[in-house]
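Below, the structure written as structure tokens:
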């Protein structure tokens, strides 16, 4: 079974036509991979579907805009994958 | 339809909050300067306006599902297909269904039919935000009344 990062990296590569070998756990989705907010909706949709979760994009964006979080906390891929794992675990605990 | 004011929906025929689907009716006008230009001697509804009719139909579904608290805006159009011409005077039935509700975004699939036959379809992405000002909210309220939006579908 592939890791969360492998699945997310494949989603990003296929959705945004980015070479898979340029995507690493330390890649920042926006600053390094050049993904804009509209592309990120496509990625969020694919992630939501693949993992059965709902990425709280609005909450994350608000926290960044309010200065309570940095973009790195949510958009560096290893951190994004950690958030995804937390959401999957929370879903499992609530079921 | 009132093409000059970009109002492409005449009335809501059905809104199902459980199935998350909507069906609307839209009468293509027999005359409009759009048809005089598109095209002289061969008037047909522009494909982009068929997409807009699907977007407006989907938009009303989202307004309902979001309890009339947020305004949807078209963000992306995927796989839009124009399968047959739509001509002045035709009566369109436009259907839309929710594919996915994300955080601050939603995806719908929509179809335009004439006499039960598919003429156009598309997958649409919307971003949605709280109504940015009371004027827009008031305008949407007025349009909702005109097209028979079922207020009883909303949660108090």
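Chains as they are written, first to last, in the numbering used here: chain D, 71 to 165; chain U, 4 to 159. Note that CB positions come from ideal geometry on N, CA and C, so glycine has one too. Note that the structure is a prediction, hence the values are computed from the model and not measured.
If we count the other Cβ atoms within 10 Å of its Cβ and call it buried at 16 or more, is residue i buried or exposed?
i, result
"residue 21/U", "exposed"
"residue 118/D", "buried"
"residue 8/U", "exposed"
"residue 112/D", "buried"
"residue 51/U", "exposed"
"residue 109/D", "buried"
"residue 105/U", "buried"
"residue 46/U", "buried"
"residue 148/D", "exposed"
What residues of chain D sit near residue i, judged by a beta carbon separation below 9 Å?
i, result
"residue 126/U", "Residues of chain D passing the Cβ test: none, with the nearest at roughly 10 Å."
"residue 151/U", "Per Cβ cutoff of 9 Å: no residues; residue 151/U is ~31 Å from chain D at best."
"residue 130/U", "107, 108, 111"
"residue 142/U", "Ordered by position in chain D, no residue passes the 9 Å Cβ test against residue 142/U, which lies about 24 Å from the chain."
For a contact defined as C-beta to C-beta under 7 Å, what are the partners of residue i on chain D?
i, result
"residue 110/U", "115"
"residue 41/U", "None at all; the shortest Cβ gap to chain D is about 28 Å."
"residue 113/U", "Within 7 Å Cβ-Cβ: nothing; residue 113/U doesn't reach chain D, min ~16 Å."
Mind listing the chain D neighbours of residue i? Cutoff is C-beta to C-beta under 8 Å, in chain order.
i, result
"residue 107/U", "127, 128, 131"
"residue 79/U", "108, 111, 112"
Looking only at its own chain, which residues have a Cβ that is under 8 Å from the Cβ of residue i, when we skip the five neighbours before and after it?
i, result
"residue 90/D", "79, 80, 83"
"residue 131/D", "none"
If contacts are defined as beta-carbon pairs under 8 Å, then residue i and residue j qualify, I think. What distance do you get, rounded to the angstrom?
i, j, result
"residue 25/U", "residue 99/U", "5 Å"
"residue 122/D", "residue 161/D", "6 Å"
"residue 70/U", "residue 157/U", "6 Å"
Residues in the same chain with beta-carbon distance under 6 Å from residue i, minus the five sequence neighbours each way, listed in chain order, please.
i, result
"residue 128/U", "78, 79, 110"
"residue 82/U", "126"
"residue 157/D", "123"
What residues in its chain sit with their C-beta under 7 Å from that of residue i, if we drop five residues either side in the sequence?
i, result
"residue 101/U", "23, 64, 68, 109, 111"
"residue 133/D", "139"
"residue 4/U", "10, 11, 13, 29, 30, 31, 32"
"residue 103/U", "109, 110"
"residue 6/U", "32, 35, 37"
Task: Contact set between the region 117 to 132 of chain D and chain U, restricted to residues whose Cβ is under 8 Å from the partner - done: Going along the region 117 to 132 of chain D in chain order, one finds 118, 119, 124, 125, 126, 127, 128, 129, 131 with a Cβ nearer than 8 Å to chain U.
TODO: Mind checking the region 81 to 94 of chain U against chain D and listing, in chain order, the residues whose C-beta falls within less than 7 Å of any C-beta there?
DONE: Closer than 7 Å at the C-beta level to chain D, one finds no residue of the region 81 to 94 of chain U.
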